[in-house]
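Q: First the structure, then my questions, so here it is.
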Ligand SMILES: [Zn+2]
């Protein structure tokens, strides 16, 4: 009988700073670094918006 392993991995969802969506790993379409932090995006267009005005989306 299969063991149902209760894995309690703490997977922190990454938040897209532009659209505020929480992304699981396979939803991440773009990654960008800004001030030593890594940001994850659901799409290239979110990343482009972020790159155009990172200050609007950080902090
Ligand atoms: Zn997005």
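In the working numbering, the protein residues as written are -11 to 47. In this text, a Cβ means the ideal position worked out from N, Cα and C, and glycines have one as well.
1) Determine which residues share a DSSP beta bridge with residue 26 and list them.
2) Could you check what DSSP says for residue 39 in three-state terms: helix, strand or coil?
3) Can you give me the C-alpha to C-alpha distance between residue 42 and residue 35, rounded to a whole angstrom?
4) Anyone know if the C-beta pair for residue 30 and residue 17 falls short of 8 Å?
5) What do you get for residue 1, buried or exposed, if any count of 16 or more other CB atoms within 10 angstroms of its CB means buried?
A: Taking the coordinates as given:
1) Taking the first residue of the chain shown as position 1, residue 26 is located at position 38. Residue 26 pairs with 21.
2) Here residue 39 corresponds to residue number 51 of the chain shown, with the count starting at 1. In this structure, residue 39 counts as helix in the three-state DSSP scheme.
3) Along the chain shown, read from residue 1 onward, the residue named residue 42 stands at position 54. Along the chain shown, read from residue 1 onward, the residue named residue 35 stands at position 47. Cα to Cα, residue 42 sits roughly 9 Å from residue 35.
4) The residue given as residue 30 occupies position 42 in the chain shown. The residue given as residue 17 occupies position 29 in the chain shown. Yes, they are a contact pair.
5) In the chain shown, counting from the first residue as 1, residue 1 sits at position 13. So residue 1 ends up on the exposed side.
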